[in-house]
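Notes for the one structure printed next.
In our numbering, the protein residues as written are 64 to 155.
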């Protein structure tokens, strides 16, 4: 077994997990923010639009990093006899 490949596999796995957790946290916080907005008719949607758009952009970036890392995990998995993964591996 090539231990360098195994190390890469685990490093990419850690990166994918970290990005998945970041994506989850951003989207969870966004849901809380939107729920708060829905419950308070005094606050306007226009006032929150920039923060919402920024959160969505950050979630997209985390998702892109996660899927790229998953691709790298799967490439190294083939070379070191490990199991391939999907985004479903990070489902909560």
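Positions of the beta carbon are idealized from the N, C-alpha and C atoms, including for glycine.
Judged by DSSP in its simplified three-state form, residue 155 adopts coil rather than helix or strand. Around the beta carbon of residue 139, a 10 Å sphere encloses 16 or more other beta carbons of the protein chains shown; the residue is thus reported as buried.
Exposed is the label assigned to residue 108, since fewer than 16 other Cβ atoms lie within 10 Å of its Cβ. Of the candidates 135, 90, 101, 135 places its Cα closest to the Cα of residue 75. Rounded to whole angstroms, the gap between the alpha carbons of residue 142 and residue 133 is 14 Å.
Its Cα nearest to that of residue 97, the residue 111 stands out among 88, 69, 111, 146. Residue 86 is classed as buried because its beta carbon has at least 16 other beta carbons within 10 Å across all chains shown.
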